[in-house]
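So the structure is just underneath, and the comments pick up after that.
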Amino acid sequence: MSAFIIIDPQCDFHPGGSLAIPSAGEDSSRIKDILSKTPSPFAEVYVTLDSHHKYDVAHPGYWVDANGKNPSPFTLIQYEDVVDGKWAPANEENKEWALTYTKALKEQGSFTLCVWPEHCLIGSPGHNVDSTVQAGLTAWLLSNPGKEIKWVLKGQNTKTEMYSCMKAEVPVEDDDATKFNASLMAEFEAYDKLYVAGQAKSHCVNFTVRDISANYKKNQASIVLLEDCMSNVPGFEEAGEKFIEDMKKAGCGIINAGDV
Numbered sequence: 059m060s061a062f063i064i065i066d067p068q069c070d071f072h073p074g075g076s077l078a079i080p081s082a083g084e085d086s087s088r089i090k091d092i093l094s095k096t097p098s099p100f101a102e103v104y105v106t107l108d109s110h111h112k113y114d115v116a117h118p119g120y121w122v123d124a125n126g127k128n129p130s131p132f133t134l135i136q137y138e139d140v141v142d143g144k145w146a147p148a149n150e151e152n153k154e155w156a157l158t159y160t161k162a163l164k165e166q167g168s169f170t171l172c173v174w175p176e177h178c179l180i181g182s183p184g185h186n187v188d189s190t191v192q193a194g195l196t197a198w199l200l201s202n203p204g205k206e207i208k209w210v211l212k213g214q215n216t217k218t219e220m221y222s223c224m225k226a227e228v229p230v231e232d233d234d235a236t237k238f239n240a241s242l243m244a245e246f247e248a249y250d251k252l253y254v255a256g257q258a259k260s261h262c263v264n265f266t267v268r269d270i271s272a273n274y275k276k277n278q279a280s281i282v283l284l285e286d287c288m289s290n291v292p293g294f295e296e297a298g299e300k301f302i303e304d305m306k307k308a309g310c311g312i313i314n315a316g317d318v
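Residue 281 in our numbering sits at position 223 of the sequence shown, with consecutive numbering throughout.
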């Protein structure tokens, strides 16, 4: 029994979106073709959705410089920048958390905090699933009567980034949704194979798969990445290629859509 995990196949990550990945459209066409196969190779389909508020630790409006100006998208903010006052939260009540958060990122060796363009705002068109993938999901539902897509939302807490659908970069003490999702992991453990695709290879696919792999009790070969169904955020190609290399070393399967 196999499951298909599609990471963040949303409009804002596709051409025309606020955080567009140029080749996401081609990736989604291949995902659609896989979903449209009959009989389906998947017992279940999971779709994660990046889900943000406008005021978010990784959006420009959260931060200001000494002149009250917001950072440009793709600005990197390090712990030292917050200590020195180069960047500060627009809401002064968040100063202590900003220090705690950026220090935790530094100490655990995560990505430096990157200020992204506002993206996947809850309720906005960019939060929607790309129409090509949606057509594939509809085809899968029609060929599997009684089944439902298993939706997994992530990123709603404004205080922390959540690349992985399994846990936030820095869990927030009073929000269980930011902590490791043991119940979701137990669901994944029930399948003989987990196929993974979506956006972006350098970030949300990367961190999700690493978390699944690190907690997966079965043979790592049961985790299968569809490499031609995922792409890197431009400028982060090195992170994406390191992810693939690391997963190969871990024993995960790396295939293309035509091999499913």
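Don't be surprised by glycine CBs; every beta carbon is placed ideally from N, CA and C.
Residue from the options whose Cα sits closest to the Cα of residue i
| i | options | result |
| --- | --- | --- |
| Q68 | N186, S241, K208, Y249 | N186 |
| Q136 | E176, K300, F169 | F169 |
| W145 | A308, G213, T158, Y120 | Y120 |
| F132 | L171, A258, S189, L157 | L171 |
| L211 | G143, W155, A226, A279 | A226 |
| D91 | W155, A162, T196 | T196 |
| T266 | M243, L157, A162 | M243 |
| S189 | A82, K251, H261 | A82 |
Test item: CB-CB of residue i and residue j under 7 Å
| i | j | result |
| --- | --- | --- |
| S222 | I79 | no |
| T160 | V191 | no |
| K208 | Y104 | yes |
| D66 | L77 | no |
| F330 | S130 | Since the displayed the chain opens at 59 and closes at 318, residue 330 lies outside it and no answer follows. |
| V230 | A258 | no |
| H110 | L157 | no |
| A116 | E247 | no |
| G298 | S260 | yes |
Supposed contact pair residue j and residue i - C-beta distance, whole angstroms, cut 8 Å
| i | j | result |
| --- | --- | --- |
| W198 | L93 | 4 Å |
| V254 | I63 | 5 Å |
Range of the contiguous beta strand (DSSP E) that encloses residue i
| i | result |
| --- | --- |
| V282 | 281–289 |
| Y104 | 102–108 |
| G194 | Counting along the chain, G194 falls outside any beta strand (DSSP E), though it belongs to the alpha helix (DSSP H) covering 189–201. |
| G311 | 311–313 |
Residue span of the alpha helix (DSSP H) that contains residue i, given as start and end
| i | result |
| --- | --- |
| A272 | 262–273 |
| E206 | Counting along the chain, E206 falls outside any alpha helix (DSSP H), and DSSP gives it neither H nor E. |
| I180 | Looking at the DSSP string, I180 is not in any alpha helix (DSSP H), and its letter there is neither H nor E. |
Residue i - partner residues in DSSP beta bridges
| i | result |
| --- | --- |
| A255 | I64 |
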